[in-house]
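**Q** If you use numbering that gives the first Met the number 0, the sequence shown corresponds to residues 0 to 159, in order. Glycine residues also receive a C-beta, built at the ideal position from the N, C-alpha and C atoms. Nothing here was measured: the structure is a model prediction, and the numbers come from that model.
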Amino acid sequence: MVVEASISERVHQAVENALARFGAHDDELIPILTHVNHEIGYLPGQALEEIAHALKKPKSKVFTVASFYGMLSTIPVGKHVIRFCESAPCHVVGGRQVIVAIQQALKINIGQTTPDGQWTLLAVSCLGICAVGPAFIVDDDVYGNVTPEQVPAILKKYQG
Ligand code: FES
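#1: Using the DSSP secondary-structure output, state which residues sit across from alanine 122 in a beta bridge.
#2: Taking only three categories from DSSP, how would you classify threonine 73?
#3: Give the range of the alpha helix (DSSP H) segment to which isoleucine 153 is assigned.
#4: Report back the beta-carbon spacing between proline 147 and valine 92 to the nearest angstrom; my notes put them in contact at under 8 Å.
#5: Is glutamate 8 buried or exposed, if buried means 16 or more other CB atoms sit within 10 Å of its CB?
#6: So what does DSSP say about valine 145, is it helix, strand or coil?
#7: Determine the closest residue to methionine 70 out of Cys129, Pro30, Leu54 and Lys56, with distance taken between C-alpha atoms.
#8: Within this structure, are the beta carbons of threonine 33 and valine 76 separated by less than 9 Å?
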């Protein structure tokens, strides 16, 4: 019989895996957070506490770092996460029309998750690919030079 690990055990194991991979070193905080975020889907309070304890840092500092980076999330997110660049260079080349198209397609606003738990839409600062704005990331996939007309086809790739 297969017994699914509790969320607490999964979080603990994800932290252990990250610490084993990167070491409990101050300068590895971001890779550790990124690893756990990837395994669990976000960074629960328990993970931040365990990481803070292992790195001998105040939890508030770990939380500040976890909250700062757009690629990390301290709240539960949907199965797929869209991180949309809302910085000015993307905005002026049509970003607003693209984010409106995404919001209309998913029927959610920025910061929300669809009721079926499939999608979370987040607005983040520059993704570092300004030359191909408007730009966004779905999970680990990068999309640039996006037009509103392309949005439905991009979203469809992740359905089913
Ligand atoms: S401003 Fe959008 S990727 Fe840099």
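**A** A quick look at the data gives this:
#1: Phe83
#2: coil
#3: 150-155
#4: 12 Å between Cβ atoms; not a contact.
#5: exposed
#6: coil
#7: Pro30
#8: no
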